[in-house]
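Participant:
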Amino acid sequence: MQSLMDKALMGYVELQVGSLKVEIPIRAAGEASPAEPAAKFEMEGDACAIVVRGDATSKQVERAMQRAAREAVRQLSRKLLN
434 MQSLMDKALM GYVELQVGSL KVEIPIRAAG EASPAEPAAK FEMEGDACAI
484 VVRGDATSKQ VERAMQRAAR EAVRQLSRKL LN
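Heads up, the sequence shown is in the numbering used here, so the first residue is 434 and it goes up one at a time.
#1: In three-state DSSP terms, what is LYS454?
#2: Short of 7 Å in beta carbon distance, which residues of its chain neighbour ALA461, apart from the five on each side in sequence? Order them along the chain.
#3: Is DSSP giving GLU477 helix, strand or coil here?
#4: So what's ALA501 in DSSP terms, helix, strand or just coil?
#5: Compute the distance between the beta-carbons of VAL455 and LEU514, then report whether it is under 9 Å.
#6: Looking at the structure shown, is GLU469 part of a helix, part of a strand, or coil, going by DSSP?
#7: Which same chain residues, not among the five before or five after ALA501, have their C-beta less than 6 Å away from its C-beta?
#8: From the DSSP output, in three-state form, read off ARG511 for me.
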């Protein structure tokens with residue numbers, strides 16, 4: 434299994450977590466099985482990223498990235514604001 438830092442960097446998304454602006458990397462994970470989401474937020478220790486599987490330009494992946502961004506805000510709020 435690849436660590437988050439080993440996955441190809443595709444870009445960043447800036448999220449508002451409380452009063453903080455946090456840049457989250459978007460990383461490519463290659464193709465996924467149909468059971469896995471097209472994009473999801475992952476954390477490994479102090480590292481985190483939204484990991485995208487498949488074609489990042491598809492509408493399905495775009496919606497999955499929006500869900501992953503909301504999940505990132507929830508998890509980072511717990512970690513950074515408590």
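Ideal Cβ positions, reconstructed from N, Cα and C, are used throughout, including at glycine. Values in this document were obtained by computation on a predicted structure and should not be read as measured data.
Facilitator: With the structure as the only source:
#1: What you label residue 454 is simply residue 21 of the sequence shown in a count that begins at 1. It is a strand residue.
#2: Taking the first residue of the sequence shown as position 1, residue 461 is located at position 28. Only LYS440, ALA441, MET443 and VAL485 meet the Cβ criterion.
#3: Counting from one through the sequence shown, the residue named residue 477 turns up at place 44. DSSP places GLU477 in strand when its eight states are reduced to three.
#4: To locate residue 501, count along the sequence shown from 1; it is residue 68. In the three-state reduction of the DSSP assignment, ALA501 falls in the helix class, which pools H, G and I.
#5: As a position in the sequence shown, residue 455 is number 22, starting the count at 1. As a position in the sequence shown, residue 514 is number 81, starting the count at 1. No; because the gap between Cβ atoms is not below 9 Å, this pair is not in contact.
#6: Reading the sequence shown from its first residue, position 36 is the one you call residue 469. Coil.
#7: Start at 1 with the first residue of the sequence shown, and residue 501 comes out as number 68. Close CB contacts of ALA501 within its chain, under the 6 Å cut and outside five residues either way in sequence, are with ALA472, LYS473, PHE474 and ILE483 (chain order).
#8: In the sequence shown, counting from the first residue as 1, residue 511 sits at position 78. ARG511: helix per DSSP, three-state reduction.
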